[in-house]
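Keeping their order, the protein sequence lines are chains A and B.
With the first sequence counted from 1, adding 639 to any position gets you the working numbering.
With the second sequence counted from 1, adding 639 to any position gets you the working numbering.
All residues carry an ideal CB built from backbone N, CA and C; glycine is no exception.
Every value quoted in this text rests on a predicted model; they were computed, and no experiment measured them.
A short write-up of the structure that comes next.
Number of protein chains: 2
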Amino acid sequence: MDTNLINYKQVLKNRPYGIPDDNTWELVKTKIEDLKDGEMLIQQDYISLDPAMRGWMNDVRSYIPPVQIGEVMRAGSLGRVIRVSGKTPFKVGDYVSGWGGVQSYIITKGENFYKINPDRSSLTSYLGALGMPGMTAYFGILEVGEIKEGETVLVSGAAGAVGSIVGQIAKIKGCNVVGIAGGKSKSKYVVESLGFDSCIDYKEANLVNELKKYCPKGIDVYFDNVGGEILDTALVFLRKKARVVICGAISQYNSTGNIIGPKNYLSLLVNRASMRGMIVLDYAAEYGVAMKQISEWIQEGRIVHKEDVYEGIENFRDVFLRLFTGDKIGKLILKISK
Amino acid sequence: MDTNLINYKQVLKNRPYGIPDDNTWELVKTKIEDLKDGEMLIQQDYISLDPAMRGWMNDVRSYIPPVQIGEVMRAGSLGRVIRVSGKTPFKVGDYVSGWGGVQSYIITKGENFYKINPDRSSLTSYLGALGMPGMTAYFGILEVGEIKEGETVLVSGAAGAVGSIVGQIAKIKGCNVVGIAGGKSKSKYVVESLGFDSCIDYKEANLVNELKKYCPKGIDVYFDNVGGEILDTALVFLRKKARVVICGAISQYNSTGNIIGPKNYLSLLVNRASMRGMIVLDYAAEYGVAMKQISEWIQEGRIVHKEDVYEGIENFRDVFLRLFTGDKIGKLILKISK
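So, in structure tokens, the structure goes:
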């Protein structure tokens with residue numbers, strides 16, 4: 640055994656009240672244990688930072704159990720198999736993605752990991768357009784949103800990991816696509832690089848006026864990543880039989896008061912519209928189909944993806960908080976290998 | 640012409656702010672005009688009083704245009720053809736139901752009226768279980784709620800015109816049915832007369848505790864007639880893939896402040912659940928099927944219906960307000976013929 644290998648891990652120390660602070664996680668050093676038969680040692684290169692992680696820190700009943708105090712912070716990850724013992728599903732040198740958590744190494748038998756092909760697309764894209772965000776976008780807009788050609792689709796968090804792919808898929812399917820993003824440079828990116836028909840900078844513009852302008856017939860599908868007032872305003876513009884996809888509510892995740900409920904929800908009644916929540920894990924059996932399709936679209940230049948990569952496991956908290964300040968474009972990733 | 644016939648009508652005088660008051664409607668007397676060719680004179684016996692009427696009084700874009708100031712108040716009605724001119728769709732003596740408004744007579748060519756059979760069921764049942772409330776219940780719980788045998792169904796406004804039928808249909812379909820109603824006598828009626836498995840008196844009981852008791856596995860379908868805090872609490876108990884049918888929000892219709900939005904709406908996300916609005920008018924083409932089915936269930940004794948009938952067009956406002964005070968059981972009807 641190479642006893643020089645040290646595992647750095649971000650462990651949940653205290654459940655945050657509101658925004659995670661200095662006492663939320665602790666960076667812990669441990670030695671790497673010896674492998675048992677059937678186990679692999681994976682050196683993790685990249686950690687996926689996602690808004691959903693904030694939800695996993697609350698001690699509430701949800702779609703997966705909360706991260707417990709003292710546990711490594713749960714996160715998607717991507718790394719290389721560097722050591723194996725006995726018969727294992729992957730071999731040394733394989734690149735794999737899975738739920739490795741915020742730590743530099745993980746020992747696993749390979750459950751919930753899958754092999755990726757670094758020659759087919761960039762490594763980081765497997766945490767973005769070809770990872771959970773891409774899967775969420777694909778199943779969210781196609782299977783929950785049920786978009787049809789010619790419809791008007793509104794996407795919040797349009798410059799984000801999920802929203803950026805949602806809007807591009809909707810464009811491929813022939814929709815009129817309007818994004819909502821925070822700031823001038825993001826809005827410019829959404830239109831000029833991602834090819835949305837228009838993008839509203841919610842920090843500067845009057846949302847109601849802009850929606851009147853860009854969605855003159857109203858909204859057929861609203862893909863919501865943010866919740867709060869933006870959801871509430873979007874509801875006013877629903878067309879008959881509109882669909883609202885509830886994918887996230889990033890504006891509310893650090894809330895210490897009551898969640899803001901959509902006071903215009905009766906627009907669902909008047910317009911016979913629906914609002915449906917989605918969890919990407921439900922579509923796991925079909926990820927292969929979606930990855931193949933998105934990968935083709937990337938190769939054809941019809942889908943653009945961007946990862947915003949920061950370095951250093953010690954910077955985990957600071958980088959994670961960029962999700963909530965909006966200070967990033969595209970998929971937020973932490974590089975932790977040297 | 641019999642010039643002694645006088646039409647009494649309740650005309651919208653001022654749009655109400657909050658609860659309709661003495662200045663909202665005006666009782667106006669007019670002479671009956673002569674019939675033109677193809678027209679019929681209908682003497683109205685019964686007026687249907689429905690929560691949706693409150694919405695039609697607001698000057699906002701909705702699924703039908705608002706009632707205009709100076710117009711007869713819109714309402715469903717039931718009456719007899721007493722005079723015809725030329726070729727008409729119904730003959731003298733026919734009983735018909737339609738949108739006659741709050742007035743004692745109406746002259747019409749018969750658009751939006753249909754003939755009913757007084758030998759088949761009581762006259763008033765055609766405004767209740769065999770009228771709009773029955774249609775709303777039927778399509779709402781079966782087509783929007785998509786109930787399946789063995790599921791747990793929660794119904795608010797359980798003693799009301801719609802809720803009472805919703806729950807009975809759900810029982811026929813083999814569901815565990817829990818009602819919510821206001822007051823001890825209503826709750827007793829819901830269980831003992833309507834056959835719900837249980838009923839929660841929201842005025843007395845702790846809703847959370849009662850829902851834990853009666854819905855131990857959670858709620859598969861919530862049929863919402865009331866909105867507000869009851870909706871919010873119900874959301875907490877949704878099971879995976881649950882459906883919330885938004886049929887009404889009577890707790891909010893007279894609100895002068897902001898509507899209360901369901902702050903627990905993220906339960907839709909966690910549980911991959913949906914919330915869908917419905918308007919019964921969308922199902923007009925299928926009313927015949929529903930009427931036949933409900934009528935059979937009534938004859939088989941599997942559906943019980945109750946109409947709460949008050950008298951006098953001059954009492955319209957007082958009787959109408961019983962919808963919001965809850966001071967009635969079953970379908971609220973105003974009898975206006977002597």
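Rounded to whole angstroms, what's the CA-CA distance from residue i to residue j? Just pull it up for me.
i, j, result
"E925/B", "A924/A", "38 Å"
"L908/B", "M692/A", "15 Å"
"Q891/A", "I658/A", "11 Å"
"T872/B", "G866/B", "10 Å"
"R911/B", "V783/B", "16 Å"
"L969/A", "D957/B", "Correcting the residue identity first, residue 969/A is Gly in this sequence and not Leu. Using only the alpha carbons, I get a separation of about 59 Å."
"N881/A", "G813/A", "Before going further, note that residue 881/A is Ala rather than Asn in the sequence given. Their backbone Cα atoms lie some 17 Å apart in a straight line."
"N815/A", "I703/B", "27 Å"
"L680/A", "I933/A", "30 Å"
"I975/A", "Y744/A", "10 Å"
"G927/B", "S736/B", "14 Å"
"E785/B", "Y777/B", "11 Å"
"N906/A", "V875/A", "In the sequence under discussion, the amino acid at residue 906/A is Ser, which differs from the Asn named in the question. So the two alpha carbons sit approximately 6 Å from each other."
"S701/B", "R878/A", "11 Å"
"Y765/A", "P728/A", "19 Å"
"G965/B", "S760/B", "26 Å"
"I741/A", "A844/A", "It should be noted that the sequence gives Val, not Ile, for residue 741/A. One C-alpha to the other measures close to 37 Å."
"R713/A", "L973/A", "14 Å"
"M917/A", "D689/A", "15 Å"
By the DSSP assignment, the alpha helix (DSSP H) with residue i in it spans what residues?
i, result
"D957/B", "F955 to T964"
"F778/A", "M771 to F778"
"K852/A", "L846 to Y853"
"E678/A", "Note, E678/A: premise wrong, no alpha helix (DSSP H); not H, not E."
"T763/B", "Premise fails: T763/B is in no alpha helix (DSSP H) and is neither H nor E."
"S795/B", "Looking at the DSSP string, S795/B is not in any alpha helix (DSSP H); the run it does join, the beta strand (DSSP E), is T791 to S795."
"L971/A", "First-last for L971/A: K970 to K974, but that is the beta strand (DSSP E), not the alpha helix (DSSP H)."
"L908/A", "S906 to V909"
"A691/A", "A691 to W695"
"I819/A", "From DSSP, I819/A is part of no alpha helix (DSSP H) but of the beta strand (DSSP E) over N815 to A820."
"G927/A", "Y926 to Q938"
Output yes if chain A places a C-beta closer than 7 Å to the C-beta of residue i; else output no.
i, result
"L766/B", "no"
"A714/B", "no"
"A776/B", "no"
"A888/B", "yes"
Taking 7 Å as the CB-CB cut-off, is residue i touching chain B?
i, result
"P772/A", "no"
"N897/A", "yes"
"P901/A", "yes"
Locate the beta strand (DSSP E) running through residue i, then write down its first and last residues.
i, result
"M914/B", "S913 to G916"
"L781/A", "From DSSP, L781/A is part of no beta strand (DSSP E); its letter is neither H nor E."
"E665/A", "W664 to K670"
"T899/A", "Checking the sequence shown, residue 899/A turns out to be Ile, not Thr. Per DSSP, I899/A belongs to no beta strand (DSSP E) and is neither H nor E."
"A881/B", "L877 to I885"
"Y656/A", "Here Y656/A belongs to no beta strand (DSSP E), and DSSP marks it neither H nor E."
"I645/A", "I645 to L651"
"K754/B", "F752 to K754"
When every heavy atom of the ligand SAH is checked, does at least one fall within less than 6 Å of the C-beta of residue i?
i, result
"Q649/B", "As presented, the structure is devoid of all ligands, the ligand SAH included, so that no description of it is given."
Problem set entry | Inter-stretch contact (C-beta, 8 Å, three-pair minimum) for the stretch 742-752 of chain A and the stretch 664-682 of chain A | yes
For this session: Count the C-beta pairs between the stretch 859-870 of chain B and the stretch 789-797 of chain B that are closer than 8 Å, then say yes if the count reaches three, no if not.
Result: Contact between the stretch 859-870 of chain B and the stretch 789-797 of chain B is present, with at least three C-beta pairs closer than 8 Å.
For this session: Taking a Cβ distance cut-off of 7 Å, strictly less, list which residues of the stretch 687-708 of chain A are near chain B, in chain order.
Result: S701 and Y702
Exercise. Going along the chain, which residues of the stretch 903-915 of chain B sit with their C-beta nearer than 9 Å to a C-beta in chain A?
Worked result: N903, Y904, L905, S906, L907, L908, V909, N910, R911, A912, S913, M914 and R915
Exercise. Any residues in the stretch 914-935 of chain B with a beta carbon nearer than 9 Å to a beta carbon of chain A? Which ones, in chain order?
Worked result: M914, R915, G916, M917, I918 and D921
Exercise. Below 8 Å, can you find three or more Cβ-Cβ pairs linking the stretch 843-855 of chain B to the stretch 885-896 of chain B?
Worked result: no
Problem set entry | Where the stretch 786-803 of chain A meets chain B: residues whose CB sits under 7 Å from a CB there | Answer in chain order: no residues at all.
For this session: Select from the stretch 871-885 of chain A all residues with a C-beta closer than 8 Å to any C-beta belonging to chain B, and list them in chain order.
Result: D871 and I885
For this session: For the stretch 897-907 of chain A and the stretch 770-789 of chain A, state whether three or more C-beta atom pairs, one from each stretch, are separated by less than 8 Å.
Result: no
Exercise. Do the stretch 836-852 of chain A and the stretch 662-671 of chain B make contact, defined as three or more Cβ pairs closer than 8 Å?
Worked result: no
For this session: Could you tell me whether the stretch 711-719 of chain B touches the stretch 679-696 of chain B, where touching means 3 or more Cβ pairs closer than 8 Å?
Result: The stretch 711-719 of chain B, when compared against the stretch 679-696 of chain B, does touch it at the 8 Å Cβ threshold.
Exercise. Should the stretch 933-945 of chain A be called in touch with the stretch 914-924 of chain B, which here means at least 3 C-beta pairs below 8 Å?
Worked result: no
For this session: Evaluate the contact criterion for the stretch 945-952 of chain B versus the stretch 817-824 of chain B: three or more CB pairs, one atom per stretch, below 8 Å.
Result: no
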